[in-house]
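Heads up, the thing below is written out as structure tokens.
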Amino acid sequence: MRKFSIYILLTLLFIGFTSQAQTIARVDKTATGANDGTTWTNAFTNLQAAIDAVSVAGGGEVWLKSDTYTPTTGTDRDARINLVDGVSLYGGFAGTETLRSERVPEVNITFLSGEIGSSSTNTDNSINILNIQSTSLDNVIDGFGVRGVYTDGIGPGTFGAFFINNGAITIRNCAFFTNVSTYSSGAAIFANDASLYMQDLLIFANTTLSTGVVALTGGSSVPESTMINCRIHSNTATAAGPGGLFAKGPLNLINSTFYNNTSGSQAGGMILQSLDTKNIYNNIFWGNSGT
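Position in the sequence shown (first residue = 1) + 477 = my numbering.
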């Protein structure tokens with residue numbers, strides 16, 4: 478009886494451990510295999526399909542081979558990628574790796590791009606790239622160049638390259654550039670009543686109408702966010718508010734640099750609206766301007 482009880486216990490423990498294993502789905506636009514994401518040969522060719530499959534499996538990671546990924550292969554500006562809760566995105570793969578630690582993102586550049594129309598203009602670009610539905614900082618976006626959004630207030634996704642509402646997400650090792658919002662704020666990142674952990678981001682050459690190319694905004698009790706080891710430079714707000722960062726809620730700002738950001742009105746680099754600033758130290762501000 479005792480041996481049987483031990484057997485049952487070990488079986489339950491094994492089931493518990495194996496049920497926690499996360500699914501990994503691979504994406505390669507040029508793959509010709511089974512299109513199920515189980516290997517690089519059988520990688521999904523569509524990013525949204527990979528995200529949905531991982532979600533159905535209970536959550537996990539999507540690995541993207543170096544390439545350029547857009548919300549649509551057509552010209553629908555309203556199309557966007559829905560990053561559902563429980564799924565993390567990792568770029569920077571060559572398409573041979575078996576471990577995430579083997580990737581080299583600075584060599585295997587992976588773009589999330591809004592460039593879906595004519596290369597000679599940006600006004601036909603996507604309005605939004607990622608609609609982030611994550612509710613936990615355990616969900617991660619890591620290893621991407623994010624570019625080419627043109628947000629003009631037409632369509633459902635009217636805020637920035639990355640949009641998150643009432644959730645939480647970790648964004649690491651990403652570069653945001655040449656994103657434009659002529660409608661509002663947050664050309665690069667727009668977070669409404671959301672908690673963000675942002676680390677090792679490069680945010681440059683983005684243009685927004687007002688209130689920062691990174692806008693952390695919301696209602697009366699905006700959650701705490703963190704920005705660490707980030708560089709924000711050469712961004713522009715054409716009207717009011719900073720060209721760089723706007724934060725309405727509590728913020729941890731550590732080891733980050735703001736330079737050459739401009740504003741049509743108010744501070745060029747950053748505006749913190751909340752008096753509940755948590756930890757702000759070892760930051761550099763220079764060459765920012767506002768009229």
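Where a beta carbon is used, it is the ideal one built from N, C-alpha and C, also for glycine. Quantities reported herein were computed from a predicted structural model and do not represent experimental measurements.
Would you call residue i buried or exposed, if buried means 16 or more other Cβ atoms sit within 10 Å of its Cβ?
i: M478; result: The pLDDT assigned to M478 is 46, lower than 50, so where the model puts this residue is not dependable, and the model offers no usable value.
i: L752; result: exposed
i: E583; result: exposed
i: I761; result: exposed
i: A571; result: exposed
i: G746; result: buried
Which residue's Cα is closest to the Cα of residue i: the options?
i: S661; options: F636, I731, Y627; result: F636
i: S733; options: S766, G726, P700, I680; result: I680
i: G689; options: A668, T703, I705, N706; result: A668
i: A744; options: W763, F723, P719, G764; result: P719
i: A645; options: L566, V691, L673; result: L673
i: T715; options: V657, F588, T575, G764; result: V657
i: L607; options: R580, R557, S697, N616; result: R557
i: Q525; options: E574, L560, G620; result: L560
Starting from residue i, trace the alpha helix (DSSP H) both ways and give me its first and last residue.
i: D529; result: 524-533
Please go through the same chain and pick out, in chain order, the residues whose beta-carbon is closer than 6 Å to the beta-carbon of residue i, but skip the five residues on each side of it.
i: I648; result: I618, M675
i: D562; result: Q610, S611, T612
i: G630; result: Y660
i: L588; result: It should be noted that the sequence gives Phe, not Leu, for residue 588. The residues are T545, G622.
i: F723; result: T688, G689, A692, I748
If we call anything under 8 Å between Cβ atoms a contact, is residue i one with residue j?
i: A502; j: T518; result: no
i: A664; j: I641; result: no
i: K725; j: V691; result: no
i: G622; j: I586; result: yes
i: S702; j: N738; result: no
i: E538; j: S565; result: yes
i: T547; j: S603; result: yes
i: S597; j: R624; result: no
i: N683; j: F653; result: yes
Kindly list the residues whose CB is nearer than 8 Å to the CB of residue i, restricted to its own chain and excluding five residues on each side of it in sequence; keep chain order.
i: D601; result: T552, R554, I593, G594, S595, Y627
i: N756; result: N729, L730, I731
i: T768; result: S740, G741, S742
Output the boundary residues of the beta strand (DSSP E) element that contains residue i.
i: L541; result: 537-542
i: S609; result: Reading off the sequence, residue 609 comes out as Ile, not Ser. Note, I609: beta strand (DSSP E), 607-609.
i: T715; result: 713-717
i: R649; result: 645-654
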